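Asker: Numbering-wise (our numbering), the sequence shown opens with residue 253 and increments by one.
For every residue, glycine included, the Cβ atom is placed at its ideal position computed from N, Cα and C.
Quantities reported herein were computed from a predicted structural model and do not represent experimental measurements.
Before I ask anything, here is the structure I am working with.
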Amino acid sequence: MKILITGNTGYIGPSVLQRLRQSYPQATLIGLDKGYFAHCLTNADILPECRADVQYFADVRTLRPDVLKGVDAVVHLAAISNDPMGKTFEDVTYDINFRASVELARLAKAAGVRSFVFASSCSVYGVADDTPRKEASPLNPLTAYAKSKIRTETELQTLADKNFTVTCLRFATACGMSDRLRLDLVVNDFVACAVSSKKITILVDRYAYAGNHLCNGLRKVLHLVVPAVTAHVEG
């Protein structure tokens, strides 16, 4: 089994790569990332990319089709995932998060990939009360990041069929330790402020907050990638 993980040198990527390596030691793991945050290590014992069998440092917008040769599953994490950056660089956000994601899925399907897991976001629901949200709940994306995610979901639906399983995971805001820690995420920021200054400052109150520890997200990815590939093989 061969799995491509895009965005593997970001915040979530190293943990996804590590868990896939632990759970499926015989799998061939391929990383693809631009490497903008490759130097931002957080007490890592080794470079997280060392857990990949192959590592490409490339822009997901200019992906070479041969990278997908023989790949069974794609875990697509690569994105501009910061609202201030999305606001400042809106066109680039749509290019990377939406257009490049859809093109990656098209190339993957053409290459015979069986499973495509897309990291979406619960921010597609926008301002919400504290009641639970379901897949069919009304959508109200407010930022370029959120809009890019739901536009991608919509296009991916048109590509899905019995030979190409598409799964969109609407993750809550991630939190927890990583080999490449981000401190601009809500819970991580609160912990960092509490430790460093003994004070937590809340900057906005526009959204109802939902947090998702990295381990929860990893379990969802693991439960989806391999079963989907196996189902196609056995079918």
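(1) Using a 10 Å radius around the Cβ and a threshold of 16 neighbouring Cβ atoms, would you call residue 268 buried or exposed?
(2) Among the candidates 322, 297 and 327, whose CA atom is the shortest distance from the CA of residue 260?
(3) Could you spell out where the alpha helix (DSSP H) holding residue 339 opens and where it closes?
(4) Skipping 5 residues on each side, what residues in its chain have a beta carbon closer than 7 Å to that of residue 422?
(5) By the three-class DSSP mapping on this structure, what secondary structure does residue 426 have?
(6) Along the chain, where does the beta strand (DSSP E) that runs through residue 254 open and close?
(7) How many angstroms separate the CA atom of residue 452 from the CA atom of residue 436?
(8) Can you grab the Cα-Cα spacing for the pair residue 343 / residue 414, in whole Å?
(9) If you follow the beta strand (DSSP E) that residue 308 is in, where does it begin and where does it stop?
(10) From the DSSP output, in three-state form, read off residue 314 for me.
(11) Taking all protein chains shown into account, decide if residue 266 is buried (16 or more other Cβ within 10 angstroms of its Cβ) or exposed.
(12) Assuming residue 370 and residue 418 are in contact, meaning their beta carbons sit under 8 Å apart, how far apart are those beta carbons, in whole angstroms?
(13) Under a three-way DSSP split, which group does residue 368 fall into?
(14) In this structure, how does DSSP classify residue 277 when only helix, strand and coil are distinguished?
(15) Do residue 345 and residue 279 count as a contact pair if the criterion is CB distance below 7 Å?
(16) Can you tell me which of the three DSSP states residue 402 falls into?
(17) Could you compute how far the alpha carbon of residue 387 sits from the alpha carbon of residue 406?
(18) Could you pull out every residue in the same chain whose Cβ sits closer than 6 Å to the Cβ of residue 416, ignoring the five residues on either side in sequence?
(19) Compute the beta-carbon to beta-carbon distance between residue 304 and residue 283, rounded to the nearest angstrom, for a pair I have assumed lies under 8 Å.
(20) So, is residue 448 buried or exposed, given that buried needs 16 or more other C-beta atoms within 10 angstroms?
(21) Residue 294: which of 384, 454, 428 and 340 sits nearest, CA to CA?
Answerer: Once the coordinates are examined:
(1) Locating residue 268 in the sequence shown gives position 16, counting from the first residue. Residue 268 should be labelled buried.
(2) Counting from 1 along the sequence shown, the entry for residue 260 is found at position 8. Among 322, 297 and 327, the Cα nearest to that of residue 260 is on 327.
(3) The residue labelled residue 339 in the question sits at position 87 within the sequence shown. Looking at the DSSP string, the run of the alpha helix (DSSP H) that includes residue 339 is 335-340.
(4) If you number the sequence shown from 1, residue 422 lands on position 170. Shown here for residue 422: same chain residues with a beta carbon closer than 7 Å to its own, the five before and five after excluded, namely 372, 373, 374 and 376 in chain order.
(5) Indexing the sequence shown from 1 puts residue 426 at position 174. Correct three-state label for residue 426: strand.
(6) For the purposes of this step, residue 254 is identified with residue 2 of the sequence shown, where counting begins at 1. Run containing residue 254: 254-258, per the beta strand (DSSP E) assignment.
(7) By 1-based counting over the sequence shown, the position of residue 452 is 200. By 1-based counting over the sequence shown, the position of residue 436 is 184. Spanning the two alpha carbons is a distance of roughly 13 Å.
(8) To locate residue 343, count along the sequence shown from 1; it is residue 91. To locate residue 414, count along the sequence shown from 1; it is residue 162. C-alpha separation (whole angstroms): 33 Å.
(9) As a first step, residue 308 is located in the sequence shown; it is residue number 56 there, counting from the start. Residues 306-309.
(10) Locating residue 314 in the sequence shown gives position 62, counting from the first residue. Taken through DSSP and simplified to helix, strand or coil, residue 314 comes out as helix.
(11) Locating residue 266 in the sequence shown gives position 14, counting from the first residue. Per the 10 Å Cβ criterion, buried.
(12) Within the sequence shown, the letter at position 118 stands for residue 370. Within the sequence shown, the letter at position 166 stands for residue 418. Residue 370 to residue 418, Cβ: 7 Å. Contact.
(13) For the purposes of this step, residue 368 is taken as residue 116 along the sequence shown, with counting starting at 1. In the three-state reduction of the DSSP assignment, residue 368 falls in the strand class, which pools E and B.
(14) Numbered from its first residue, the sequence shown carries residue 277 at position 25. Correct three-state label for residue 277: coil.
(15) Here the question's residue 279 lines up with position 27 in the sequence shown. Here the question's residue 345 lines up with position 93 in the sequence shown. A distance of 7 Å or more separates the beta carbons of residue 279 and residue 345.
(16) Sequence index remark: in the sequence shown, residue 402 carries index 150 (1-based). Assignment of residue 402 by DSSP, reduced to helix, strand and coil, places it in the helix class.
(17) If you number the sequence shown from 1, residue 387 lands on position 135. If you number the sequence shown from 1, residue 406 lands on position 154. Taking the straight line from one Cα to the other gives about 13 Å.
(18) Sequence index remark: in the sequence shown, residue 416 carries index 164 (1-based). Taken in chain order, the residues that qualify are 361.
(19) Translated into the one-based positions of the sequence shown, residue 304 becomes position 52. Translated into the one-based positions of the sequence shown, residue 283 becomes position 31. Taking 8 Å as the upper bound for CB-CB distance, residue 304 and residue 283 are in contact here, some 4 Å apart.
(20) For this step, residue 448 is matched to residue 196 along the sequence shown. That one is exposed.
(21) Reading the sequence shown from its first residue, position 42 is the one you call residue 294. Closest in alpha carbon position to residue 294, among 384, 454, 428 and 340, is 428.
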